[in-house]
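Enquirer: Chains as they are written, first to last, in the numbering used here: chain A, 1 to 244; chain B, 1001 to 1304; chain C, 2001 to 2247.
In this text, a Cβ means the ideal position worked out from N, Cα and C, and glycines have one as well.
Here the structure is a predicted model, which means the values were calculated and not measured.
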Amino acid sequence: MILTEHLSLAFERPVLHDVSLSVPSGSLFGLFGPGASGKSVLLKALAGLLPATAGSIAVDDTIVTSADEHQLFDLRRRMGMLFQNNALFDFMSVAENVAFPLRQLLDVSAEEARERVSQRLTRVGLPGFESRMPAGLSGGQKKRVGVARASITQAKVLLYDEPCAGLDPVSSQKLFELLRNEQREHGSTVVIVSSDLERLLAISDHVGMMLDGRLIFQGPIDNLYTCDDPYVRQFVRGETDGPL
Amino acid sequence: MAPSDPPGSPAPSSPRHKAPSSAARASATAARRSMSPVGLPQLPNAPVPGAAAPRVKSRGVSQPLGAYRTLTRTLYFCVNGRPALRTVMGYMYTIGNQSLIFLAVVMSFIGMIVVYQGGLQLLRVIPDMSQLGATYLELLVKDLAATICALMLATRVGAGIAAELGSMTVTEQIDALRMCATDPIDYLVRPRFLASIVMTVVLVIVAGTLAGLSGMWTAEAFFQVRPSVFVNFDQVDLGDVCVGLCKCVAYGAAIPIISASSGLSARGGSEGVGSATTRAVVNCSLAIIVLDFVITSLGYVVFE
Amino acid sequence: MISFRQVSKSFGPKQVLRGVSFDVERGEVFFIVGASGVGKSVLIKHLIGLLRPDGGEIWFGDREVTGLSEEELFPIRKRCAMVFQHSTLFDSMTCIDNVALPLRQHQRLDPTTARSRAMERLEQVHMEAFAERFPAELGDGLKKRVAIARALTLDPEAILFDEPTTSLDAINARRVDKLIHELSQRLGVTCIVVSHDLVSIFSIAQRIAMLYQGELLLLGTPAEFKASPNPIVQQFIHGRAEGPMQV
């Protein structure tokens, strides 16, 4: 379960205002909204990577906003995250990147890590990429390596920032279905930020929409289509004319 | 904690607001330019943040550390961290490899220049060259070798560390490390710190020796001082060697710490990496000069 | 006006393009589509000489591009601009200075003239209100527009777009589509778009070339694509996970 209460966050200027998000345990939460509306910042705040200005965040039984370093590290052992820019370690090969959380978090032996990495890469559609360096991959391939690294520990809480940006429709569909199936299999709590609205809505149980740093809608997917908020309606239908 | 809004309704506690007014944007821009951390500029219609929940002080949430915190955390991990001998060896090789020739050339020329200029001054006062070598070697051991080498290493090693960690910061790689419950200080800074201390000592000894040899050659070529007269360690006592070594270790520790803390505080894009690198070199140089002064003074108090 | 003839290219042991041939007409909106990593970006980089083919010819107007030296390529790159995936604006300059940069570099115009020309370009992409802003202050959709304005500054005959709508939300993506459509209609610019955004493909493409395993699988109008019996084409345009397509 992920809960935020009146969360506000500011760098030089305010980014999040009074966000009260609630993601039920074991659900797949789709978060969407226009560019620069604070989705990525919210995701990083949930992982305790950015300090909140006000309000609180709870992930499972950890209060992220008041946790000390050890509690946060403990929480992150149960968390996986895909960053918007993938954040692959560019001095490591693909296999080392994907194996990194296994080695650091779970102390898995090198032998077992190699096995799991190659399985993982096959599942995201990149078999045989182990020894490639991130610099030589296309945008979509980097994304998939990022997904493999985020999910390799089978964490209970997974945060994906744009998992399918730069992927063709067929690969995106496969990847979204993979994320969905794995979420069902492990009963994990997953938050996905994506601008591919159609596919995101097709797999989400709950959804939320951000606009200018505010969460203007959240709830089960069925409530989205009956929502009469003009901003939400325009965005979901992808119309160019409207209040946005 | 409970969800404050009934699911499924547009969050009622979020009054709609249009894009921030141009005035608010301008002030935000001005704040960004001046690079000063400012509080929350209030937006029109925005509810007062913190009215519903008390302002929190986050303890564990990572924020850029200053150089002092970076140092204490690095020392903490040096004691408590996992062994990382191979990584440290790797960085030692990199530091040595990229700086050895550079330092050798610089120090050889410095040796020639100092002995030549010093000799000229000496000729004017007492045309007795027998103490030229002894004085020069004392200067070299106590101060010159370590300080000049460290200033050069700041441009070479310091800039490298700041640029590397800076670009890792702006591409979220540092956050990705944190998500793997790995402290970037432990994983990235500690091995560089240890490698830099060892290699600074080694490089200073090698380059300092070269400076001595080039000085010896200059003394013979310009002032007809025989090498057997020039190489005279009478003026160098244990205290001088201690002070010189202390300086090596202090500089070797300061360069990676200062560079890493500026690299880790890089913000924005390539511009942020650039300014972090510049800041690293400037701050390292300043720190070296200040440390030089402090250690020299302490040496005077202890040994004289 | 642009033609690829039997272009092939390998990176190490991996053959990315195996003899791809097609022609692009003047003023056309031409889409190159295909799975991620199939070599679409590689293909268009050949046109402006960022990559050299192992075999085949590429004609731009009446010039053959593949044999040209770096200096000889400059006029080609002026005639054929490219909008990169990540907009690649310079962070340290305002939008208008970003747009004015090619003018000052290539035509050595004085700053005032360059800025007034740049302003015209920004008006063409409806960005005149943001001229004095820094790119970091803008969202991705607006940055993309500024990048398109910069590509327009030297009056190119053709513009290459590398995934212009990737990572934009739906509304911004449609606005960029509309802009590309306008460019070809109003200014007669030939637009070659690498994309796998199905909505843009079927809303603005005049012709589509689909690459698959290094070869041209199908070339035709959107209607011909929809009617194609090829199961791989059908799987792709419906974005289905199951099917014969190897990705």
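By how many angstroms is the C-alpha of L137/A removed from the C-alpha of S2004/C?
Expert: According to the sequence provided, residue 2004/C is Phe. The question's Ser does not apply to it. About 25 angstroms.
Enquirer: Should the stretch 1117–1125 of chain B be regarded as contacting the stretch 1152–1170 of chain B, the criterion being three or more beta carbon pairs within less than 8 angstroms?
Expert: Taking 8 angstroms as the limit for Cβ pairs, the verdict is that the stretch 1152–1170 of chain B does not touch the stretch 1117–1125 of chain B.
Enquirer: Below 7 angstroms CB to CB, which residues in the same chain sit around V1236/B once its five sequence neighbours on both sides are set aside?
Expert: So the list reads L1137, E1138 and V1141, once near-sequence residues are dropped.
Enquirer: Using DSSP's beta-bridge definition, name the partner residues of L220/A.
Expert: According to the sequence displayed, residue 220/A carries Pro and not Leu. Paired residues: H206/A.
Enquirer: For R184/A, which of L21/A, V157/A and V207/A has the nearest alpha-carbon?
Expert: Selected option, being the one with the closest Cα: V157/A.
Enquirer: Looking at chain C, which residues of the stretch 1250–1281 of chain B have a Cβ within less than 9 angstroms of any of its Cβ atoms?
Expert: Against chain C - using a Cβ distance shorter than 9 angstroms - the residues of the stretch 1250–1281 of chain B are G1268, G1269, S1270, E1271 and G1272.
Enquirer: Just to confirm before moving on: does the CB-CB distance between S2092/C and G2056/C stay below 9 angstroms?
Expert: No, Cβ-Cβ distance for S2092/C and G2056/C is not below 9 angstroms.
Enquirer: Would S2092/C count as contacting chain B if we go by Cβ distances under 9 angstroms?
Expert: Judged by the 9 angstroms Cβ criterion, S2092/C is in contact with chain B.
Enquirer: Which residues in chain B have a C-beta closer than 7 angstroms to the C-beta of L179/A? List them in chain order.
Expert: What L179/A touches in chain B: nothing, since even the nearest Cβ is about 17 angstroms away.
Enquirer: Compare the C-beta of N1181/B with all C-beta atoms of chain A and state if any pair is closer than 9 angstroms.
Expert: The sequence given here places Ala at residue 1181/B; Asn does not occur at that position. Chain A contact via Cβ: present.
Enquirer: From the DSSP output, read off the bridge partner residues of Q2105/C.
Expert: In DSSP, Q2105/C forms no bridge with anything.
Enquirer: Counting only Cβ pairs nearer than 8 angstroms, list the residues of chain A close to S2292/C.
Expert: Examination of residue 2292/C is not possible in this model, given that chain C is present from 2001 through 2247 alone.
Enquirer: For V160/A and G1272/B, what's the separation of their Cα atoms in angstroms?
Expert: Note that residue 160/A corresponds to Tyr in the displayed sequence, not to Val. Straight-line Cα distance between these residues: approximately 26 angstroms.
Enquirer: Could you tell me which residues DSSP puts in a beta bridge with K2009/C?
Expert: DSSP, once it has assigned bridges, lists L2017/C as partnering K2009/C.
Enquirer: How about R77/A and T153/A: do their beta carbons lie closer than 9 angstroms?
Expert: Yes.
Enquirer: Taking only beta-carbon atoms, is A165/A less than 9 angstroms away from chain C?
Expert: Chain C contact via Cβ: present.
Enquirer: Taking A2136/C as the query, report the chain B residues whose CB atoms sit under 7 angstroms from its CB, ordered along the chain.
Expert: In chain order: G1268.
Enquirer: Could you name the residues of chain C that A150/A contacts, counting a contact when the two beta carbons are closer than 9 angstroms?
Expert: Under the 9 angstroms cutoff, chain C gives no residues; its nearest Cβ is about 18 angstroms from A150/A.
Enquirer: Under a three-way DSSP split, which group does D1292/B fall into?
Expert: If DSSP states are grouped into helix, strand and coil, D1292/B belongs with the helices.
Enquirer: Do you know offhand how far A1067/B's Cα is from L1075/B's?
Expert: One C-alpha to the other measures close to 12 angstroms.
Enquirer: Between K156/A and chain C, is any beta-carbon pair separated by less than 9 angstroms?
Expert: No, because no Cβ of chain C sits closer than 9 angstroms to the Cβ of K156/A.
Enquirer: With which residues is P14/A paired in a DSSP beta bridge?
Expert: Paired residue(s): A10/A.
Enquirer: Taking C-beta pairs closer than 7 angstroms, name the residues in chain A that D1175/B reaches, listed in chain order.
Expert: Within 7 angstroms Cβ-Cβ: K44, L49, F83 and A87.
Enquirer: Does the beta carbon of G38/A come closer than 9 angstroms to any beta carbon on chain C?
Expert: Not closer than 9 angstroms to any Cβ of chain C, the Cβ of G38/A fails to qualify, so no.
Enquirer: Skipping 5 residues on each side, what residues in its chain have a beta carbon closer than 6 angstroms to that of G1111/B?
Expert: Cβ neighbours of G1111/B beyond the five flanking positions: A1211, S1214 and G1215.
Enquirer: Quick check: D2033/C and V2199/C, are their CB atoms within less than 9 angstroms of each other?
Expert: The sequence given here places Val at residue 2033/C; Asp does not occur at that position. The answer is no: Cβ separation not under 9 angstroms.
Enquirer: Just the Cα atoms here: how many angstroms apart are R1124/B and S1108/B?
Expert: Their Cα atoms are separated by approximately 25 angstroms.
Enquirer: Which residues of chain A have a Cβ atom closer than 8 angstroms to the Cβ of Q2085/C, listed in chain order?
Expert: Those are G139 and G166, listed as they occur along chain A.
Enquirer: Could you please give me the residues that DSSP links to I2208/C through a beta bridge?
Expert: DSSP, once it has assigned bridges, lists F2031/C and G2220/C as partnering I2208/C.
Enquirer: If we count the other Cβ atoms within 10 Å of its Cβ and call it buried at 16 or more, is G128/A buried or exposed?
Expert: Classification for G128/A: exposed.
Enquirer: Output the distance between the C-alpha atoms of D2197/C and Q2213/C, rounded to the nearest integer angstrom.
Expert: C-alpha separation (whole angstroms): 19 angstroms.
Enquirer: Which residues in chain C sit within 8 angstroms of F100/A, going by Cβ to Cβ distance?
Expert: Within chain C, no residue comes near F100/A; the closest Cβ sits about 23 angstroms away, beyond 8 angstroms.
Enquirer: Can you give me the C-alpha to C-alpha distance between L2043/C and V232/A, rounded to a whole angstrom?
Expert: Taking the straight line joining both Cα atoms gives about 39 angstroms.
Enquirer: Could you give the first and the last residue of the continuous beta strand (DSSP E) run that contains M2082/C?
Expert: M2082/C -> beta strand (DSSP E) spans C2080 to V2083.
Enquirer: Can you tell me whether F2134/C is helix, strand or coil according to DSSP?
Expert: Here F2134/C sits in coil by DSSP.
Enquirer: State the beta-bridge partners of Y1187/B as determined by DSSP.
Expert: DSSP lists no partner for Y1187/B.
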